[in-house]
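Accompanying notes for the structure given below.
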Amino acid sequence: MRNLCLFFLLFFTCAHASGQSSGGTFFDKLYLPFGIGYTLSPGGGIQSGFVLSTSAEVRIKDRQGIFLRFNYNSRTNNYRNGAVDNTNAIIGKINADDFLLGMGYRCKVYKRISAFALVQGGMSDYSYPYITSLTNGYKVSQQSKMVPVMAGIGGIEFYFVKSAAIFIEGSYLYHIKQPFIKNNNYDVPGISVGITTKLF
74 MRNLCLFFLL FFTCAHASGQ SSGGTFFDKL YLPFGIGYTL SPGGGIQSGF VLSTSAEVRI
134 KDRQGIFLRF NYNSRTNNYR NGAVDNTNAI IGKINADDFL LGMGYRCKVY KRISAFALVQ
194 GGMSDYSYPY ITSLTNGYKV SQQSKMVPVM AGIGGIEFYF VKSAAIFIEG SYLYHIKQPF
254 IKNNNYDVPG ISVGITTKLF
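My numbering numbers the first residue of the sequence shown as 74 and each following residue consecutively.
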């Protein structure tokens with residue numbers, strides 16, 4: 074929770090400064106991308122999964138130039154064959170919450186079409202099951218681990234109105250410190266589609 078609060082504080086401080094330096098109010102430059110996507114399997118018993126992404130993005134200009142983005146991603150992957158260390162559940166589900174902050178650049182390609190790319194850093198909060206034997210049965214609890222990560226994202230937007238667009242983007246999440254996966258490779262490539270629009 075403390076890491077999340079620090080992310081929000083840093084994001085809105087930078088965003089407010091950006092709005093002041095380029096004219097206009099903070100809310101004039103605030104966009105809210107939302108996407109749903111598919112993450113590819115890294116192998117080693119980890120299956121492909123799904124991701125929901127909620128973001129807050131501050132742009133200096135609507136369709137051109139530097140922007141700041143905070144991402145909250147919720148990811149889910151199933152695993153099997155004992156692919157996860159530190160647990161005795163050989164089949165289960167890995168849940169992850171990503172908190173990412175970074176900077177990117179957007180350029181207008183053609184009329185209603187823009188392209189963008191950004192780099193982000195942050196933390197991923199992973200949880201996975203652990204089974205405890207009791208006298209009258211079994212107890213399934215959740216273990217958790219925070220892992221530092223970096224992400225690279227690139228995509229294309231189509232603006233159906235001036236301040237709203239649909240987008241498709243590819244991403245790659247790199248673990249600075251590998252988590253609990255036995256094959257020692259849990260980097261996450263993925264693809265998402267969604268919509269972005271101004272708050273007001």
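Heads up, the beta-carbon is just placed ideally off N, CA and C, and yes, glycines get one too.
A quick note: this is a predicted structure, and the numbers were derived from the prediction, not measured.
Roughly how many whole angstroms lie between the Cα atoms of residue i and residue j?
{"i": "I226", "j": "A169", "result": "18 Å"}
{"i": "I164", "j": "S200", "result": "14 Å"}
{"i": "Q120", "j": "N150", "result": "6 Å"}
{"i": "T205", "j": "G228", "result": "44 Å"}
{"i": "Y111", "j": "D101", "result": "31 Å"}
{"i": "T208", "j": "A162", "result": "19 Å"}
{"i": "D135", "j": "G117", "result": "42 Å"}
Check residue i in the structure and name its three-state DSSP category.
{"i": "R250", "result": "Inspection of the sequence shows that residue 250 is occupied by Lys rather than by Arg. Reduced to three states, the DSSP call for K250 is coil."}
{"i": "S94", "result": "Because S94 sits at a pLDDT of 49, beneath the cut-off of 50, its placement in the model cannot be relied upon, and the following sentence gives the value as read from the coordinates. Of the three classes helix, strand and coil, the one that applies to S94 here is helix, per DSSP."}
{"i": "D198", "result": "strand"}
{"i": "K102", "result": "helix"}
{"i": "R179", "result": "strand"}
{"i": "P262", "result": "strand"}
{"i": "Q137", "result": "coil"}
{"i": "A162", "result": "coil"}
{"i": "L174", "result": "strand"}
Suppose contacts are defined by Cβ-Cβ distances below 7 Å. Is residue i in contact with residue j by that definition?
{"i": "V192", "j": "G175", "result": "yes"}
{"i": "S244", "j": "G108", "result": "no"}
{"i": "L246", "j": "V220", "result": "no"}
Could you pull out every residue in the same chain whose Cβ sits closer than 6 Å to the Cβ of residue i, ignoring the five residues on either side in sequence?
{"i": "Y203", "result": "T160, S214 and Q216"}
{"i": "S94", "result": "Note that S94 scores 49 on pLDDT, short of 50, meaning its location in the model is unreliable and no value can be drawn from it."}
Using CA atoms only, rank isn't needed, just tell me which of the options is closest to residue i.
{"i": "V234", "options": "G210, I268 and L103", "result": "I268"}
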